[in-house]
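J.: Going down the list, the sequences are from chains A and B. Residue numbering for the first sequence follows the working numbering, beginning at 21 and increasing consecutively. Residue numbering for the second sequence follows the working numbering, beginning at 5 and increasing consecutively. C-beta atoms are modelled at their ideal positions from N, C-alpha and C, and glycine is treated no differently. All figures in this text were calculated on a predicted structure; none of them were measured in a lab. Mind having a look at this structure? Questions to follow.
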Amino acid sequence: MKYSSLFLSFCLAFLVLGCASAPPPAPPVKTEKTDIWPKIYTDETYLSTFASTWSEDEAIGVIRNLQNAVVEFNANLPLSELNVDPYGMRARWSWTENGSLMKSAGFIIPFDQVSSILLEHYPSLDKDYKWGLIVTLAGGSRVSLRTPTRDAAERIGKAVHLLAKARGSKVSMPNTRFGAALAPLTEAQAQAAGVLQSAGIIVSWIFMESPAEKAGFSPQDIITGAGEKAVQKADDLFSAIDAAAASGAREIKIAGLRRSYRTEEKNYIEIFVPLTFTLTIDQTGVLP
Amino acid sequence: MKAKRCTLSAAMSLLVLCAAFSQGTDPKTVTPAWVMEKQFVPQEEVKATNVFNVFFVGYDYPTLSGPLADDLASWSSPLNFSIGMESGSGSGSSFLTGVEAEFSITVNDTGSRFLMNDMVMLGYSFDLQPVRLNVGGRVGLSIIDVMSPAITYTGLGVVLGPEASVYVSLDPNSWIWLRGRYSTAYYMSMDDSANPISAGRDSLDCLSLEAGLAFNF
Chain A
21 MKYSSLFLSF CLAFLVLGCA SAPPPAPPVK TEKTDIWPKI YTDETYLSTF ASTWSEDEAI
81 GVIRNLQNAV VEFNANLPLS ELNVDPYGMR ARWSWTENGS LMKSAGFIIP FDQVSSILLE
141 HYPSLDKDYK WGLIVTLAGG SRVSLRTPTR DAAERIGKAV HLLAKARGSK VSMPNTRFGA
201 ALAPLTEAQA QAAGVLQSAG IIVSWIFMES PAEKAGFSPQ DIITGAGEKA VQKADDLFSA
261 IDAAAASGAR EIKIAGLRRS YRTEEKNYIE IFVPLTFTLT IDQTGVLP
Chain B
5 MKAKRCTLSA AMSLLVLCAA FSQGTDPKTV TPAWVMEKQF VPQEEVKATN VFNVFFVGYD
65 YPTLSGPLAD DLASWSSPLN FSIGMESGSG SGSSFLTGVE AEFSITVNDT GSRFLMNDMV
125 MLGYSFDLQP VRLNVGGRVG LSIIDVMSPA ITYTGLGVVL GPEASVYVSL DPNSWIWLRG
185 RYSTAYYMSM DDSANPISAG RDSLDCLSLE AGLAFNF
């Protein structure tokens, strides 16, 4: 009798403690996956056409003069060697390892291979030289440079652009009347937004100081129409803007959807809000 | 009056027309999801670290009183401890639930006494970083077992009472705690033999002071 009551008490103790070991309530969680949407970059890309009236010699001179104001993005070391001619830009930098082992590295920008130039600002970079250029070459390889000022980055960009054009390179430039990177909707994005995959395009990222930024566009916005026309691809949007500009319009209404959240109790519910953007049209289509 | 009615109907017509030809929302009024998602991560981290879920062990110093206390006086126990868990219902200040087992064991020349309380706790936890103040009440089962040459008996009963405890954070995952509790237990005898409980001295009051360590789980 005595031992059975003790046994009973221990059983009760384990039962009560066992009930308490259930996991605590989970914190509120987001209800939808977010990795199907364009990545958000902390780097800022500024809209620039890199247009200049320099001659080739002047462009080469500009690059040479800025030798001490350029570092390669990751190396963060001054250039020990910079060689520029009408066909390319070659740079090297060197450093010592373990006290005596001298190492060096470099990059080459063949001007006839340049496919795009972007003016970058790195506000969250924990280093000096927060402005820079990304020069993309045919085949997809990139050369990333950093400079201390926007002016230095823009001057190098103008020089590279001029020399690349002179070598016959097809340098793609952003549409300066809009100023955003656009992409077709993926099936997952269209399904999440509740639209047909062909019913719009998505904004990957926005150029700073662009008409799109001023109109309030944000990365991940979906554009479905411009003026009175549906937008199924980027060219539809640009055509509508150009047509509005040709008709003398000062602005054009662009319809879109924005992914956002509303809160319901402790849950965040993903929603898509219909928006109307008012894009101001630059009649010249050329940046100042 | 007529002019007022005309103005009202015109305004309503305008409202209906505006609604019919309404456009999408102004983008400035809708926060993009990615902006909100940047705020989710730190909030969720804070919530995850700020939920009170602890496992605790501690030393218990009980002071017994009430009808049954005199019969247990021979076994003033040096070996008393408690073990249990407490869980908050959310982050920050929140409602609190917990379970606890208290053991009080004494073996001496006059025999042995074993007292165990298995309790559930309901209360509220105030988050006063880096301190937590928990107040609430406990209710549960109590078992007392006495073995001596003169008398042997077992009692099973109900124990309940209020309590207050203070947890002081030592580091993000551990605490030192102090607790004060007053409880009353009512027993029924599990033996047929004559014993204090069957004689009517079937309740035991206890003022206990406890201290120990707690660890997040």
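May I ask you to list the residues that DSSP assigns as paired with I291(A)?
T.: One-based indexing of the first sequence puts residue 291(A) at position 271. DSSP, once it has assigned bridges, lists S280(A) as partnering I291(A).
J.: What does DSSP give as the partner residues of D64(B) in its beta bridges?
T.: Working through the second sequence from its first residue, we reach residue 64(B) at position 60. E214(B), per the DSSP bridge assignment.
J.: A179(A) to M228(A), Cα distance in whole Å?
T.: Here residue 179(A) refers to the residue found at position 159 when the first sequence is read from its first residue. Here residue 228(A) refers to the residue found at position 208 when the first sequence is read from its first residue. The straight-line gap from Cα to Cα measures roughly 21 Å.
J.: Tell me whether the beta-carbon of M89(B) lies closer than 8 Å to the beta-carbon of G115(B).
T.: Here residue 89(B) corresponds to residue number 85 of the second sequence, with the count starting at 1. Here residue 115(B) corresponds to residue number 111 of the second sequence, with the count starting at 1. Cβ atoms of M89(B) and G115(B): not closer than 8 Å.
J.: Could you tell me the distance, in whole angstroms, from the CA atom of I155(B) to the CA atom of S202(B)?
T.: Counting from 1 along the second sequence, the entry for residue 155(B) is found at position 151. Counting from 1 along the second sequence, the entry for residue 202(B) is found at position 198. Straight-line Cα distance between these residues: approximately 13 Å.
J.: Which chain A residues are close to P36(B), counting only those with a beta carbon under 8 Å from its beta carbon?
T.: If you number the second sequence from 1, residue 36(B) lands on position 32. Going along chain A in sequence order, the residues near P36(B) (Cβ under 8 Å) are S238, P239, Q240, D241, R278, R279, S280.
J.: Can you have a look at Q209(A) and say buried or exposed, based on whether 16 or more other CB atoms are within 10 angstroms of its CB?
T.: Here the question's residue 209(A) lines up with position 189 in the first sequence. Classification of Q209(A): buried, given that the 10 Å Cβ count is 16 or more.
J.: Does any C-beta atom of chain A lie closer than 8 Å to the C-beta of P31(B)?
T.: By 1-based counting over the second sequence, the position of residue 31(B) is 27. True, the Cβ-Cβ gap to chain A drops below 8 Å.
J.: To the nearest angstrom, report how far apart S135(A) and K185(A) are at their CA atoms.
T.: On the first sequence, residue 135(A) is found 115 positions in, with the first residue counted as 1. On the first sequence, residue 185(A) is found 165 positions in, with the first residue counted as 1. Taking the straight line joining both Cα atoms gives about 10 Å.
J.: What are the uninterrupted segments assigned as beta strand (DSSP E) that are 3 or more residues long and contained completely in the stretch 204 to 252 of chain A, given in chain order?
T.: Qualifying beta strand (DSSP E) stretches, in chain order: 221 to 226, 242 to 246.
J.: Report all residues from its chain with a CB closer than 7 Å to the CB of Y190(B); omit the five preceding and five following residues, and keep chain order.
T.: Residue 190(B) sits at position 186 when you count from the first residue of the second sequence. If we look at Y190(B) and ignore the five residues flanking it on each side, its Cβ neighbours are G161, V162, D206, S207.
J.: Measuring CA to CA, which of L295(A), Y281(A), S259(A), R270(A) is closest to D241(A)?
T.: The count along the first sequence starts at 1 and reaches residue 241(A) at position 221. It is L295(A) whose Cα lies nearest to the Cα of D241(A).
J.: Have a look at V34(B) and I274(A) and give me their C-alpha separation to the nearest angstrom.
T.: For the purposes of this step, residue 34(B) is taken as the residue at position 30 of the second sequence. For the purposes of this step, residue 274(A) is taken as the residue at position 254 of the first sequence. About 16 Å.
J.: Does DSSP classify G177(A) as helix, strand or coil?
T.: What you label residue 177(A) is simply residue 157 of the first sequence in a count that begins at 1. Of the three classes helix, strand and coil, the one that applies to G177(A) here is helix, per DSSP.
J.: Closer than 9 Å by beta-carbon distance: list the chain B residues that pair up with L299(A), in chain order.
T.: For the purposes of this step, residue 299(A) is taken as the residue at position 279 of the first sequence. Per Cβ cutoff of 9 Å: no residues; L299(A) is ~11 Å from chain B at best.
J.: Excluding five sequence neighbours on each side, which residues of the same chain lie with their C-beta closer than 6 Å to the C-beta of Q87(A)?
T.: Here residue 87(A) corresponds to residue number 67 of the first sequence, with the count starting at 1. These residues qualify, in order along the chain: L99, L102.
J.: Ignore the nearest five residues each way along the sequence and tell me which others in D74(B)'s own chain have a CB closer than 7 Å to its CB.
T.: On the second sequence, position 70 is the one that residue 74(B) refers to. For D74(B), where only same-chain residues beyond five positions count, there are no Cβ hits under 7 Å.
J.: Evaluate G268(A) with the Cβ neighbour count: other Cβ atoms within 10 Å of its Cβ, from every protein chain shown; 16 or more gives buried, anything less gives exposed.
T.: For the purposes of this step, residue 268(A) is identified with residue 248 of the first sequence, where counting begins at 1. It counts as exposed.
J.: Using a Cβ-Cβ cut-off of 8 Å, state whether P143(A) counts as contacting chain B.
T.: Within the first sequence, residue 143(A) is the residue found at index 123, counting from 1. By this cut-off, P143(A) is not an interface position.
J.: Given that V293(A) touches chain B, what residues does it touch there, using C-beta distances under 8 Å?
T.: Position 273 of the first sequence, counted from the start, is the residue given in the question as residue 293(A). Residues of chain B passing the Cβ test: G28, T29, V34.
J.: Go to F99(B), then tell me how far its beta strand (DSSP E) extends in each direction, as first and last residue.
T.: Counting from one through the second sequence, the residue named residue 99(B) turns up at place 95. From DSSP, the beta strand (DSSP E) with F99(B) extends over 98 to 112.
J.: Since E290(A) meets chain B, which of its residues come closer than 7 Å, beta carbon to beta carbon?
T.: The count along the first sequence starts at 1 and reaches residue 290(A) at position 270. Simply A37.
J.: Give the residues of chain A in contact with M40(B), contact being defined as C-beta atoms less than 8 Å apart.
T.: Numbered from its first residue, the second sequence carries residue 40(B) at position 36. The contacting residues are S280, Y281, Y288.
J.: Mapping the DSSP letters down to three states, classify L76(B) as helix, strand or coil.
T.: Taking the first residue of the second sequence as 1, we reach residue 76(B) at position 72. Looking at L76(B) - three-state DSSP - the assignment turns out to be helix.
J.: I want to verify the contact list: residues of chain B whose CB lies under 7 Å from the CB of I60(A), in sequence order.
T.: Counting from one through the first sequence, the residue named residue 60(A) turns up at place 40. What I60(A) touches in chain B: W38.
J.: Please list, in chain order, the residues of the stretch 244 to 256 of chain A that have any C-beta partner in chain B closer than 7 Å.
T.: Going along the stretch 244 to 256 of chain A in chain order, one finds no residue with a Cβ nearer than 7 Å to chain B.
J.: When Cβ atoms are compared, which residues of the stretch 261 to 278 of chain A fall closer than 9 Å to chain B?
T.: Hits within the stretch, in order: K273, A275, G276, L277, R278.
J.: Counting only C-beta atoms, is T296(A) closer than 8 Å to chain B at any point?
T.: Translated into positions along the first sequence, residue 296(A) becomes position 276. It does: the Cβ of T296(A) has a partner Cβ on chain B nearer than 8 Å.
J.: Under a three-way DSSP split, which group does M109(A) fall into?
T.: Here residue 109(A) refers to the residue found at position 89 when the first sequence is read from its first residue. Strand.
J.: So the candidates are T300(A), R84(A), L299(A), E290(A); which of them puts its Cα closest to the Cα of E41(B)?
T.: Translated into positions along the second sequence, residue 41(B) becomes position 37. The candidate whose alpha carbon is nearest that of E41(B) is E290(A).
J.: So what does DSSP say about I301(A), is it helix, strand or coil?
T.: Along the first sequence, one-based indexing puts residue 301(A) at 281. In the structure shown, I301(A) sits in coil (DSSP, three-state: anything other than H, G, I, E or B).
J.: Excluding five sequence neighbours on each side, which residues of the same chain lie with their C-beta closer than 8 Å to the C-beta of F131(A)?
T.: Counted from its first residue, the first sequence places residue 131(A) at position 111. Only P106, Y107, G108, M109, V180, L183, A184, A186, R187, S189 meet the Cβ criterion.
J.: Per the DSSP calculation, I87(B) is bridged to which residue(s)?
T.: By 1-based counting over the second sequence, the position of residue 87(B) is 83. Answer is V61(B), A105(B).
J.: Between A200(A), I226(A), N94(A), which lies nearest to F258(A) when the distance is taken from Cα to Cα?
T.: Residue mapping note: residue 258(A) aligns to position 238 of the first sequence, counting from 1. Answer by Cα proximity: A200(A).
J.: Taking Cβ positions, are A173(A) and L139(A) nearer each other than 8 Å?
T.: Within the first sequence, residue 173(A) is the residue found at index 153, counting from 1. Within the first sequence, residue 139(A) is the residue found at index 119, counting from 1. Result yes, Cβ atoms of A173(A) and L139(A) sit closer than 8 Å.
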